[in-house]
Amino acid sequence: MIVLQLVVNGVLLGGTYILLAQGLNLVFGVMGIVNLAHGSIITFVGVFTYWFVTQTNLSPLLLMPIVFVLALGLGGALQRLLLEPLAKLGNRRELLSLMVTFGLSYVIVETAINCFGSQYVSLPNLQATWTVAGLAINEALVVAGVLGAVISGCLHVWLHYTASGKALLATSQNSTGAVTCGIDVRRMRGISFAIGSALAAIAGVLLILILPLSAPTADTLTILAFVIVALGGLGDYKGAVLAGLLLGLVQSGVGYYLGGDVEVVVPYLLLIAFMVLRPQGLGQAAR
Amino acid sequence: MLGGNLRARGGAFLVPLIAAATLFAASTAQAQKPIVVGASISETGPLAVDAAYHLKGIQLAVADANAHGGWLGRKLELKYYDDQSNPGTAVRLYTRLITDDKADLFVGPYSSGISQAVAPLMNKYEKATPMPGASLPAIFSGSNKWTFQLLPPATGYLDGMLPLMKSHGAHKVAILQAQLSFTLACGQARLEQAKKLGMDVVYSTTYAMPPPDFSSIALAIKAANPDGVVVCSYYPDAVGLAQALHRIGYAPKFFAETIGPAEDQFISALGPITNRIISNTSWWLSLKTSGNAGFIERYKAMFHEEPDYHVAATYSAMEVLGAAVKATKSLDQSKLRAWMATHEVPTVEGMFKAGPTGLSIGFAQYMFQIQNGKRLLIWPVADAQAKAEVPYTGQ
Amino acid sequence: MNLDARQVGQWIERRLAAPAAAASVSGPRPLTIGILAALIACAGGAPLVSSAYILQLATDLLTFAALAYSWNVISGCTGYLSFGQVSFFGIGAYATSILVMHTAVPWYVDAVIGAVIGGVSAALLGTIMLRLRGIMFALGMLGLARILMVVASNWNFIGGAAGLTLPAQLTPIAVYVAMWVAALVAFGLNYFLLRSQWGLSVIGVRDEEVAAAAVGVPTSWVKTVAFILSALAPAAVGGLVAWNRSFLDPPSAFDPTLDLQVIVFALFGGIGTVWGPALGTLILVIVGEQFWAYLPELQLALYGVLVIAVVLAFPGGIVGVANRFGWLRRRPVAAPAVFPRVSRPSQPAPPGDDTVIEVRDLTVRFGGLVALNGVSLAVRRGEMVSIIGANGAGKTTLFNAVTGFVKPSEGGVYFQGKLVSDIPSHRRAHQGIARTFQIPRLMESLTVWENTLLAARHGKRRHAAVEQAAWALHMVKLDSLWLEPPGRLSPGQQRRLEMARALALDPTVILLDEVMAGMTRDEQDEIRAVLRHFRDLGVAAVAGVEHIISAIADISDRMIVLDRGRKIAEGKPEAVLRDPAVIESYLGKVS
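Listed in order, the protein sequences are those of chains A, B and C. If you want the working numbering, it's the 1-based position in the first sequence plus 375. If you want the working numbering, it's the 1-based position in the second sequence plus 55. If you want the working numbering, it's the 1-based position in the third sequence plus 7.
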């Protein structure tokens with residue numbers, strides 16, 4: 376019984392992780408860069424959601440479409456301004472983009488601190504817990520998990536069954552080849568970063584309902600998202616789903632049997648283990 | 056020649072006159088030179104919110120002192136810098152206050168972490184310093200001579216919780232601690248207390264900060280089936296654990312957490328599941344400690360809000376400093392230190408009394424409970440505003 | 008015309024660069040050294056006579072300088088960008104603190120021991136971390152710092168989360184002096200890496216790790232050493248800081264904002280340069296100290312903006328900007344004032360008819376694809392063999408297997424009769440196997456001279472290496488361009504540089520990978536001229552993979568044809584080129 380509940384917890388936690396990671400995954404898959412500002416976007420939106428809800432008393436879920444669109448626009452603009460100029464630098468592009476997003480993350484975090492303060496905040500919405508067959512299932516976690524699944528599903532459909540999605544997939548697999556097929560690779564990069572930011576924004580709205588967020592600790596989320604993306608095979612969104620679930624289950628089990636001290640190291644240990652033993656991650660695609 | 060003689064004689068009077076006038080002017084100028092009180096405040100960074108209260112306590116005390124003509128006939132002047140919540144910066148700033156600004160008196164910074172960095176410096180430079188931000192007992196250990204703890208030690212947090220539980224017939228307890236220096240000290244003390252009271256610790260763990268996901272820990276707690284859960288926590292973990300317990304539909308009969316529940320947004324963050332959570336504090340609005348009522352009134356007049364325990368701590372620190380200065384009639388650090396080490400001072404926080412290494416042995420610990428969205432003091436019973444409500448139901 | 012900032016910058020650079028190049032070759036003048044020494048003495052002495060606050064500020068400045076230089080070693084010079092050098096700061100801090108608390112050894116000696124422990128940790132951790140590249144390494148180091156913080160929080164012997172309290176002694180001047188030593192050591196390491204011949208290996212690894220291995224650089228060893236060097240100063244500095252503050256706990260030992268600041272300083276000053284970290288630290292700490300006082304809420308945001316601005320607008324940092332005006336330019340390593348007179352005579356290879364290179368039943372599989380299928384061939388002393396075949400025939404794979412960049416699935420590679428299949432590439436280069444690359448892999452940030460010197464260094468003393476490099480460049484007629492960066496060479500010249508690099512190894516055999524590709528007729532003739540008398544240059548044999556058959560047919564002694572992983576023809580060029588099987592493999596069958 377306990378084991379079953381642990382599994383349920385692990386899966387729900389995994390759902391949260393998937394939600395956290397897919398935005399980062401998309402950006403890495405298409406642009407080959409790790410967006411170190413990912414966690415800061417999530418946290419900024421999360422803290423903004425808190426502020427919005429406490430000011431207006433409206434449901435936070437109302438914000439989701441709004442921040443999605445705003446993040447789309449801002450993400451696209453930032454990509455064009457800050458990352459696109461690096462695209463022609465060849466093999467140094469990866470590391471330089473890392474530095475740029477590194478700097479960007481600090482700008483976003485400081486803006487959040489100046490606008491909304493530096494303390495931890497969270498919201499009490501979606502707190503209901505349902506008991507199904509003796510297992511306790513929490514509403515907020517289910518919503519987050521379902522949304523994570525929906526996003527992954529939409530990504531799959533979009534990438535494999537629509538023209539624009541296939542163009543994006545092509546760009547991620549071979550940008551030179553994509554250019555020769557007439558795909559506007561620049562636009563693809565802009566789109567992927569915009570959508571990646573938008574996904575991060577949605578994650579932010581939901582995460583504030585699940586755990587306390589604070590602007591100064593935004594980078595913890597980036598690292599966690601990166602661990603999941605790396606475990607899943609960088610850029611492989613199916614792998615990210617597997618990795619999220621794996622991480623959720625492992626953490627759930629370790630937390631129960633070994634206590635809180637070990638639980639927190641699990642992501643980092645898994646990351647290093649995978650990087651050394653199976654660098655291509657869990658997904659099928661080996662980059 | 057006559058004129059010259061006259062001038063010479065007149066001049067002879069002038070010299071002592073001028074000398075006397077200069078001496079007089081100098082002494083009044085000396086009397087008018089303000090007493091500089093130096094401190095470093097975390098105006099920016101993660102500690103900024105609480106440190107703001109820390110600062111306001113000092114500012115109120117300075118204003119109060121100056122309203123009564125200051126100390127030793129001199130006005131007080133507060134000189135502070137922003138340490139950006141960074142211990143290294145705080146060390147540099149106190150060095151500057153000591154050597155460059157040549158402050159006369161010093162008040163410690165906010166938070167045990169920064170205090171821990173600053174205390175050795177004050178010891179090295181031999182400055183008698185009250186530390187109203189340091190609950191961590193380790194700071195006031197063997198080699199400490201010059202700093203004084205102005206908060207009740209963290210080892211006493213939730214002192215009354217286990218006895219409260221026992222009085223209701225409970226004997227199984229789960230004790231959790233965050234891996235911060237003061238929460239570990241608190242947790243250690245609670246574990247020892249449980250043993251002394253003959254209570255059964257059915258589950259215990261520590262967890263790192265930033266806090267992990269608590270869902271599996273919550274399950275482990277539930278599986279151990281304790282009567283009460285005592286958590287030595289900070290803020291985000293207090294929220295996280297309460298959420299986790301609620302999410303698995305489990306509510307221990309007794310639920311106590313440190314620090315977190317005292318923060319304003321704890322209740323708005325969690326809503327109804329905060330009902331009947333118990334927490335600790337070192338000061339309360341309703342206490343009848345020395346000068347408390349007036350202190351609260353003047354603070355409200357100056358800042359248009361109610362003070363909290365951070366304000367009370369720094370205000371008390373200034374009360375102690377003031378008492379020492381007036382009693383020794385000097386600003387000499389050795390004299391101040393010797394006096395503070397051997398005297399008791401009634402303050403708004405309670406009775407200040409320092410042990411041999413500066414550890415606080417006078418201040419009392421209190422517990423409050425959230426009852427229907429309001430925080431009420433429940434322990435010690437003599438000061439209580441309301442009776443403790445049990446059990447905790449998570450609703 | 009679409010002008011962008013980078014192009015304009017490069018245009019200016021080219022205009023200003025030329026005259027400065029010659030001047031930069033000479034060593035530092037005594038006057039410069041004297042002025043520098045005087046400046047350092049003043050800068051060093053000033054804080055000692057002013058307030059304790061200034062002294063503390065200066066100590067902090069030196070702390071950051073030491074950290075910035077050490078970060079520069081692994082991230083700038085070696086190209087392994089690290090986001091977790093604070094790991095070594097923390098390890099050193101804890102090691103020193105434990106020694107201070109439990110032994111009677113004086114604190115400054117403890118800091119040195121702490122540095123050694125930091126170095127040892129780097130050696131151990133490097134076995135795992137250095138297997139990663141690029142982003143993975145950067146973020147792996149970040150994860151490492153987090154793990155170490157958690158370990159420290161849980162380890163009660165070193166104080167756990169509560170931390171350690173050290174004996175409180177007021178020794179600000181001694182700490183200041185010790186910090187100077189640490190900063191100078193860190194600076195010295197940088198200087199050594201950027202000005203010494205050994206340092207060329209490091210930069211080679213950074214620019215082109217694969218090509219570096221091909222010219223004999225033991226890349227794993229070099230990376231490990233660089234990693235260890237990058238850990239020494241931070242560990243010592245960590246110990247000194249812990250001593251100075253008389254207390255240490257996990258968050259202050261593994262403080263991530265320390266990494267951020269150090270990265271910003273080094274980047275701002277100029278990553279991978281000798282003076283960059285010092286300039287960046289000096290300017291940002293002093294300016295920052297004043298500036299942040301007015302706008303403390305914006306400090307981290309401004310750091311972030313600085314990082315972005317530097318990367319986008321002036322990636323070379325302050326030093327990069329200075330370079331454009333001819334200042335602080337990097338001096339090529341071991342380059343005399345003028346191109347050395349070539350005094351090394353060319354020694355002809357000893358005659359003989361033994362087999363220099365042989366592959367027996369060589370099979371190479373990549374997953375399901377069979378690139379080479381049981382190929383056996385030999386290159387004998389004194390001959391030049393051309394290996395031709397249609398695309399996908401496996402020619403480059405063959406070369407990669409011979410030079411050690413690809414592991415054979417079956418079969419063996421033999422060099423002078425000895426099996427070398429298990430010997431790493433750089434050792435094969437030492438033994439005498441040299442190669443060129445299909446697309447020239449030249450170290451872009453080194454000059455033509457240094458590219459060649461890197462290959463010439465192995466096993467030779469400085470003087471001999473200089474001679475060898477000069478000879479090699481002379482043989483391919485690149486003397487006049489010896490101080491140019493490879494980026495300014497024409498494709499033909501770049502090819503010749505690759506050949507010079509191969510010659511500089513004093514090789515027994517040279518493997519040329521499509522050396523004629525993209526060459527004009529004249530350039531092909533230049534290369535053919537060198538190839539014609541390879542025996543006089545001391546090379547025993549040459550093997551060339553080639554597509555432009557007309558360019559090599561008349562100078563080859565023998566021709567081998569590969570088709571889809573198998574050898575299908577072998578013999579004199581005229582005969583092979585008429586072989587119907589060969590023609591069919593290229594043109595297909597008319598059926």
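A virtual CB, placed ideally from N, CA and C, is assigned to each residue, including glycine.
Any C-beta of chain C under 7 angstroms from that of residue i
i	result
A172/B	yes
V471/A	Looking at the sequence shown, residue 471/A is not Val but Leu. Yes, because at least one Cβ of chain C sits closer than 7 angstroms to the Cβ of L471/A.
D268/B	no
Span separating the alpha-carbon of residue i from that of residue j
i	j	result
L490/C	D137/B	52 angstroms
L432/B	I425/B	9 angstroms
M220/B	A306/B	15 angstroms
R252/C	I314/B	28 angstroms
G375/C	N407/C	18 angstroms
Y643/A	A476/C	47 angstroms
T329/B	A169/C	29 angstroms
A183/B	V484/A	38 angstroms
V436/B	K442/B	8 angstroms
L146/C	R138/C	13 angstroms
G323/C	G571/A	30 angstroms
L106/C	D117/C	6 angstroms
L231/B	S288/B	8 angstroms
A341/C	A273/C	26 angstroms
Under 7 angstroms between C-beta atoms of residue i and residue j
i	j	result
I501/C	P514/C	According to the sequence as given, residue 501/C is Gln; it is not Ile. No, Cβ-Cβ distance for Q501/C and P514/C is not below 7 angstroms.
S489/A	E304/C	For the sequence presented, residue 489/A should be read as Asn rather than Ser. Yes, the pair counts as a contact, with Cβ atoms nearer than the cut-off.
E360/B	T402/B	no
V475/A	V312/C	no
L68/C	V209/C	no
C-beta neighbour in chain B for residue i, strict 7 angstroms
i	result
D594/A	no
E365/C	no
Y643/A	no
Q268/C	no
E304/C	yes
F254/C	yes
N432/A	no
Y392/A	no
S259/C	yes
P63/C	It should be pointed out that residue 63/C corresponds to Gln in this sequence rather than to Pro. Yes, because at least one Cβ of chain B sits closer than 7 angstroms to the Cβ of Q63/C.
Y101/C	no
L177/C	yes
G579/A	no
Expected contact under 8 angstroms - CB spacing of residue i and residue j to nearest Å
i	j	result
V217/C	F412/C	7 angstroms
Contact with chain A by residue i, beta-carbon distance below 7 angstroms
i	result
E451/C	no
M143/C	yes
I325/C	no
L46/C	no
Neighbour flag for residue i against chain D, beta carbons, 7 angstroms
i	result
Y495/A	Absent from the structure is chain D; the protein chains it does hold are A, B and C.
task = Scan the region 292 to 316 of chain B for residues whose Cβ lies nearer than 7 angstroms to a Cβ of chain A and list them as they occur along the chain.
result = Residues V294, G295, H301, R302, I303 and G304.
request  = Closer than 7 angstroms, Cβ to Cβ, to anything on chain A: give me those residues from the region 147 to 169 of chain C, in chain order.
outcome  = Using a CB distance below 7 angstroms, the part of the region 147 to 169 of chain C facing chain A consists of G147, L149, G150, R153, I154, V157 and N161, ordered along the chain.
Contacting positions in the region 206 to 239 of chain C - beta carbon closer than 8 angstroms to chain B = Shown here is that no member of the region 206 to 239 of chain C has a Cβ falling below 8 angstroms from a Cβ of chain B.
ask   = Closer than 7 angstroms, Cβ to any Cβ of chain A: which residues of the region 139 to 166 of chain B, in chain order?
value = Flagged: no residues at all.
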